[in-house]
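**Q** After the structure tokens below, expect a handful of questions from me.
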Amino acid sequence: MGTDIYGFIECRWDRWLDEDDRSWHSAVDLAHLYNGRSYAAFGCLFGVRSDAFPPLAAGRGLPSDASPEVRADFADWSGAHGASWITWAEIAGADWEEASSEVDECVHEYRRRADGDWEFQGRNTGLDRFAELSGASGPHEVYRAGRFRPEGTEWRDGERLFRIGRLRRKHAVDDREWGPVWAVMRTLAGLHGDAGVRLVVWFGG
């Protein structure tokens, strides 16, 4: 059974209100912005299903001052686990270039850009072609190539490159999936301040 993420982006007015007047409000249901299931991202952010990186915000629980909408939605989930939260200030301040402590099991695919540099495309993508190039002997060696090949091993295929290596945080939390979440949080932070916007999450499955 797979694990999925649920939650909300919340915000509060931090700039002009007295401390006693600051309360958190539900802004957007995460389901409207993210519908993926990336265990690398879940682990990188919240320490769930992957330990490739020290998590940015693991095990904090549901905030005691969570908005009524968040508390009500969380209460409806039987078996929810891994509840936590992270502010936009923490996301914006994270070292997204940090590499994982171990070689990634998944092979990385790159495409050559117009400037000649290689641009990351994804993990375990283009596997049919990778299997042909690498001569992998079975599905396990294809899907878990990093267990069988040394770090730095490469297979070039014209303007495409497959490589065994370490994952970076920015690739674990792929902007193609998480970009809409970050865009909304960034916009709200422009109004409420970086510490006045947070992502509250929990997991099911």
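In our numbering, each residue's number is its place in the sequence shown (first place is 1) plus 4.
Ideal Cβ positions, reconstructed from N, Cα and C, are used throughout, including at glycine.
As the structure is a computational prediction, the values presented were derived from the model and not from experiment.
Who are G208's beta bridge partners in DSSP?
**A** Here the question's residue 208 lines up with position 204 in the sequence shown. Answer is D8.
**Q** Along the beta strand (DSSP E) that carries T91, what are the first and last residues, could you check?
**A** Position 87 of the sequence shown holds residue 91. Element bounds for T91: 85–91.
**Q** Where does the unbroken alpha helix (DSSP H) through L49 begin, and where does it stop?
**A** In the sequence shown, the residue the question calls residue 49 occupies position 45. Looking at the DSSP string, the run of the alpha helix (DSSP H) that includes L49 is 43–50.
**Q** Measure the Cβ-Cβ separation of L66 and P59 and say whether it is below 8 Å.
**A** For the purposes of this step, residue 66 is taken as residue 62 along the sequence shown, with counting starting at 1. For the purposes of this step, residue 59 is taken as residue 55 along the sequence shown, with counting starting at 1. It is not a contact, given that the beta carbons lie outside the stated cut-off.
**Q** Using a Cβ distance threshold of 8 Å, determine whether the region 150–157 contacts the region 168–188, with at least three qualifying pairs required.
**A** Short answer: they touch.
**Q** Would you report the Cα separation of H175 and Y114, rounded to the nearest angstrom?
**A** Position 171 of the sequence shown, counted from the first residue, corresponds to residue 175. Position 110 of the sequence shown, counted from the first residue, corresponds to residue 114. Answer to the nearest angstrom: the Cα atoms are 12 Å apart.
**Q** Would you call A118 buried or exposed, if buried means 16 or more other Cβ atoms sit within 10 Å of its Cβ?
**A** On the sequence shown, position 114 is the one that residue 118 refers to. So A118 ends up on the exposed side.
**Q** Per the contact definition of three or more C-beta pairs closer than 8 Å, is the region 190–209 in contact with the region 6–14?
**A** Touching, yes.
**Q** For G51, does the count of other Cβ atoms within 10 angstroms reach 16, so buried, or fall short, so exposed?
**A** Along the sequence shown, read from residue 1 onward, the residue named residue 51 stands at position 47. Looking at its Cβ environment, which holds 16 or more other Cβ atoms inside 10 Å, G51 is buried.
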